[in-house]
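In terms of the working numbering, the sequence shown is residues 22 to 103. Just so you know, even glycine gets a beta-carbon here, dropped at the ideal spot from N, CA and C.
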Amino acid sequence: MALAESRQLINLLSSNHPENFLNPVIRERSYDALDYRKVVTVSEKLRDPSDRLFGTFGSRGARQNPKRKSLDILIRRLKDVS
């Protein structure tokens, strides 16, 4: 049980739909050891650093990665909760 939080965080961030963490039933069943504040902190650190530094220079017209978009939705909604 000592590594349950770490394992659940890895499972959440490697899933194809991290926004499922927002569903209370899924969160209770699969991510019960996670604190939403830690999820936000780690998720923000995992964002692509090139986006923060250079904005849209190289990505104009490019489609956003669906997994990344899902992660951004999760971060935004969890920030709204706090």
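Can you have a look at residue i and say buried or exposed, based on whether 16 or more other CB atoms are within 10 angstroms of its CB?
i: Ser-64; result: buried
i: Ser-45; result: Position check: residue 45 holds Pro in this sequence, whereas Ser was assumed. Looking at its Cβ environment, which holds fewer than 16 other Cβ atoms inside 10 Å, Pro-45 is exposed.
i: Leu-24; result: exposed
Are the CB atoms of residue j and residue i within a distance shorter than 9 angstroms?
i: Arg-98; j: Leu-43; result: yes
i: Pro-87; j: Asn-37; result: yes
i: Leu-92; j: Arg-58; result: no
To which residues of the same chain is residue i closer than 6 angstroms at the C-beta, ignoring the five residues directly before and after it?
i: Ile-94; result: Glu-40
i: Arg-48; result: Phe-42
Any C-beta of chain C sitting closer than 9 angstroms to the C-beta of residue i?
i: Leu-92; result: Absence of chain C from the displayed structure is noted, only one protein chain being present.
Within the same chain, show all residues whose beta-carbon is closer than 8 angstroms to that of residue i, passing over the 5 residues directly before and after it, in chain order.
i: Thr-62; result: none
i: Ile-96; result: Val-61, Ser-64, Glu-65
What does a CB cutoff of less than 7 angstroms around residue i pick up in its chain, not counting 5 residues either side in sequence?
i: Lys-119; result: No answer is possible for residue 119: it lies beyond the span of the chain, which begins at 22 and ends at 103.
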